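Colleague:
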Amino acid sequence: MKQILVICFLVALCFSKAFAQNDELLLAKQYSSNGEYQKALDIYQKLYKQDNDTYYFNYVKTLISLKKFDDAESATKKMIRKHPGDNEYVVTLGTIYTQHGDVDKANTLYDGLIKTLPADQNTIAVLASQFYQGTNVDYAIKTFLQGRKLLHSDDVFSYELITLYRFKRDKAALTEEYLNILPQNPLFISQAENAFSTLFEGDADYDLLRVALLKRIQKDPQQVVFVNLLTWQFLQQKDFDQALNQALALNRRTNNDGSDIFELCHTLVFNEAYDAAIRGYEYLISKGKDEQYYVSAKIELLNTKSLKITTGKYTQNDLTELEKNYIDLLTEFGQNSSTAFAMQKLANLQVFKLHKLNEAQKVLEDAIKIPQVQTNLLASCKLDLGDVYLLNNQPWEATLLYSQVEKEYPNTVMGQDAKFRNAKFAYYTGDFTWAKGQLDVLKAATSQLIANDALNLSLLIADNIATDTSGKALKMYARADLQIFAEQQDKAISILDSINVKFPDNKLSDDILMAKARIAIQKKDYADAVTDLKKIVAEHPTDLWADDAVYMLGDIYENQLNDKEQAKAYYQKIITDYSGSLYINDARKHFRALRGDAAS
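Sequence positions in the sequence shown follow mature numbering (1 follows the signal peptide of the UniProt record, and there is no 0) and run -20 to -1, 1 to 580.
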């Protein structure tokens, strides 16, 4: 019984001692975190004397913090003698020497550890990890490289070295390491691209990658992953033609299904490299009708040419060639539910760029008769046909189609679009009272774009018929507006210039300036657009178009004239002078991005 009591007493004593040590350890850690290292050391020293192994690292770390290097060295050498096979204490001793300023002495220790490494993968990895935990990345790398020599393998420790090179931001070494592993692990190409895009800072870095890749391709031209990475590298430098050239050369060599070219063309279109994308799609088409991407490439080719035209990067030959491409597509595949989209695009091209109203009208009339066309596409074709009727002097047929779509799609964006076109029809034809009634309803439209346009047009009508109940000047302006819509810029300018002559007391001066600015933008004449917009800001700072003009100036300077400071100034003006503007949120986003804090 006595023995049991003694054992219980001893156990209780041990637990009590352990709890006491734990409390002291927590207190010491709190002192350290507060920077009170001497108080922490007093506790750690006491605990270290009770249990060297358990409290050694806390004790030595605190000694180093207090620059008591001799005491730290003495305690560490004691542990080395106690644990002669444990390299961790040797690494710590090297850290002490380094902190004390004796780097050569530390390196001698480290070199000794590496020199005596056995050809054992686990032992090598443990030592490298100890160096890394001691924040000595260079010696962690040296350990892995020595390990490769010992194990006679250039592939081992690749992922560990990639991590260390990224941490160290050693771009050249990281590049070589990724190029070493990619042939055996091609799926790692995305990881490599992400690493490079994060680490690389400019053309010099991408040139480094390009040179390294070209050397590898020269040695092993059949290695597809290197060509794919080279294509990606050209994309990062926006050398789109070279990116496509690499992809085409690889496709010709491997004769694959063309999926890589098709995906690359999507990327080229996204980057507005339309000519390169067109060349890629034409290559896929040239492979023949039996190839997988023949039809898709034909469709995307037309879409890309259309995009090129809508961005203004085209010639008159581009227009006629695109029209021919659409007609050829419809000849090859027929007019059916699958090609109705092409008929709509052809008609829009003919209306707004080639001004062939009769041909466009016939195409759209045929399109809406095709059975089983998707409902949204059918409705969109009807609205476009309504526009053609309006421009082709058939106003009642136009309003009939608009009303039909509005009735078929109540309480939808499509229905609101139809209602807005009907309101604009009334505005163009001088029925301002009815137009304003419809526009006032549309100010609550779910589509922000429609709501904003409806609000602006409603205010334009209200401002002008209030002072001129007959609306003669406004009717003339509306006719010019219709010509702007039809992209008949010269006719529009002629009408706009006549308004002040015929009606010198009109209230449309800011509206005329805005209309001329829109025409200049259509013609890509940004200098004239800036002149007109600045006049609005200077002469009509509180009128209808003032905030629109300020925002448009910011957009032109940012995206067309590449003057970021001017763009920033105009976006800031929206924020400070037009806090109630519908553009306020977009202006803030652009301003912050230009200021450099877009991620916030």
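We put the CB at the ideal spot given by N, CA and C, even for glycine.
Here the structure is a predicted model, which is why all the values come from computation and not from measurement.
(1) Can you tell me the Cβ-Cβ gap for A277 and I265, rounded? I've got them flagged as a contact below 8 angstroms.
(2) May I have the straight-line CA-CA distance separating F405 from E377, to the nearest angstrom?
(3) Closest to D491 by C-alpha separation, out of W525, K553, Y551, would be which residue?
(4) Determine the DSSP secondary structure at Y11, reduced to helix, strand or coil.
(5) Just verifying my parser: in three-state terms, what is the DSSP assignment at H132?
(6) Grab me the residues of I169's own chain with a C-beta within less than 7 angstroms of its C-beta, minus the 5 sequence neighbours each way, in chain order.
(7) Using the Cα positions of Y112 and A105, report the straight-line distance between them to the nearest angstrom.
(8) Under 8 angstroms, do Q101 and L125 count as touching if we go by C-beta distance?
(9) Just to confirm the assignment, what range does the alpha helix (DSSP H) spanning S318 have?
(10) Inspect the beta-carbon positions of K336 and I289 and report whether they are closer than 8 angstroms.
(11) 8 angstroms is my cut-off, CB to CB: does M323 come that close to chain C?
(12) For the putative contact between L107 and N67, defined by C-beta atoms under 8 angstroms, what is the C-beta separation to the nearest angstrom?
(13) Taking the straight line between their C-alpha atoms, what separation do you get for K423 and F400?
(14) Can you round the beta-carbon distance between D527 and Y550 to whole angstroms, since I take them to be within the 8 angstroms contact cut?
(15) Can you tell me whether W525 is helix, strand or coil according to DSSP?
(16) Given that a residue counts as buried once 16 or more other Cβ atoms are within 10 Å of its Cβ, and exposed if not, what is K569?
(17) Quick check on the DSSP output: what are the complete alpha helix (DSSP H) runs of length 4 or more inside the segment 259 to 340, in order along the chain?
(18) Please return the same chain residues whose Cβ sits closer than 6 angstroms to the Cβ of residue 636, not counting the five positions on each side in sequence.
(19) Measuring alpha carbon to alpha carbon, tell me which of D485, N38, L73 ends up nearest D50.
(20) For the segment 224 to 265, which segments carrying the beta strand (DSSP E) assignment without a break, of at least 3 residues, lie completely within its bounds, in sequence order?
(21) Of the choices D411, L429, G417, N542, whose alpha-carbon is the least far from that of V393?
(22) Kindly indicate which three-state DSSP category P375 falls into: helix, strand or coil?
(23) Does DSSP classify D490 as helix, strand or coil?
(24) Go ahead and pull the three-state DSSP assignment for A(-9).
(25) Would you kindly work out how many angstroms separate the C-alpha atoms of G366 and Q469, rounded to a whole number?
(26) Pull up the distance between the alpha-carbon of N14 and that of K48, whole angstroms please.
(27) Compute every distance between the C-beta of L337 and the non-hydrogen atoms of the ligand GDP, then say whether any falls below 7 angstroms.
(28) Do you know how far the Cα of Q546 is from the Cα of A567?
(29) Skipping 5 residues on each side, what residues in its chain have a beta carbon closer than 6 angstroms to that of A431?
(30) Just the C-alpha distance for S45 and Y28, rounded to the nearest angstrom, thanks.
(31) Less than 8 angstroms between the beta carbons of N402 and E386, yes or no?
(32) Going by the beta-carbon positions, is the gap between A529 and V517 smaller than 8 angstroms?
(33) Measuring alpha carbon to alpha carbon, tell me which residue in G395, P375, K58, F412 is nearest A359.
Modeller: If we stick to the structure as given:
(1) Your pair A277 and I265 checks out as a contact, with CB atoms roughly 5 angstroms apart and the cut at 8 angstroms.
(2) Per the coordinates, the alpha-carbon of F405 lies some 11 angstroms from the alpha-carbon of E377.
(3) Closest by alpha carbon: W525.
(4) Y11: helix per DSSP, three-state reduction.
(5) In this structure, H132 counts as coil in the three-state DSSP scheme.
(6) Setting aside the 5 residues that flank it on each side, I169 is surrounded in the same chain by L162, V205, N208, L209, each with a C-beta closer than 7 angstroms to its C-beta; the list follows chain order.
(7) Their Cα atoms are separated by approximately 10 angstroms.
(8) Judged by their CB atoms, Q101 and L125 are not nearer to each other than the 8 angstroms cut-off.
(9) Following the DSSP letters along the chain, one finds S318 in no alpha helix (DSSP H), marked with neither H nor E.
(10) Contact: no.
(11) Absent here is chain C; the protein component of the structure consists of one chain.
(12) Between N67 and L107 the Cβ distance is about 5 angstroms, and since that is below 8 angstroms, they are a contact.
(13) Their Cα atoms are separated by approximately 10 angstroms.
(14) With 8 angstroms as the limit, D527 and Y550 do not qualify as a contact, their Cβ atoms being about 11 angstroms apart.
(15) Three-state result, W525: coil.
(16) Flag for K569 reads exposed.
(17) 274 to 290, 296 to 313, 320 to 332, all fully within the segment 259 to 340.
(18) Since the first and last residues shown for the chain are -20 and 580, residue 636 lies out of range.
(19) Out of D485, N38, L73, L73 has the C-alpha closest to the C-alpha of D50.
(20) None, since the segment 224 to 265 contains no complete beta strand (DSSP E) of that length.
(21) The candidate whose alpha carbon is nearest that of V393 is L429.
(22) In the three-state DSSP reduction, P375 falls in the helix class (H, G or I).
(23) In the three-state DSSP reduction, D490 falls in the helix class (H, G or I).
(24) With a pLDDT of only 43 at A(-9), under the threshold of 50, the placement of this residue in the model should not be trusted; the figure read from the coordinates follows. In the structure shown, A(-9) sits in a helix (DSSP, three-state: H, G or I).
(25) Cα to Cα, G366 sits roughly 21 angstroms from Q469.
(26) Note on geometry: alpha-carbon atoms of N14 and K48 lie some 19 angstroms from one another.
(27) Within the structure as shown, the ligand GDP is missing, as the structure has no ligands at all.
(28) Looking at the two C-alpha atoms, the distance is approximately 13 angstroms.
(29) Counting only Cβ-Cβ distances below 6 angstroms, and skipping sequence neighbours, we find K423, A425.
(30) The straight-line gap from Cα to Cα measures roughly 17 angstroms.
(31) In this structure, N402 places its C-beta atom within 8 angstroms of the C-beta atom of E386.
(32) Cβ atoms of A529 and V517: closer than 8 angstroms.
(33) Nearest neighbour of A359 by Cα position, chosen from G395, P375, K58, F412, turns out to be G395.
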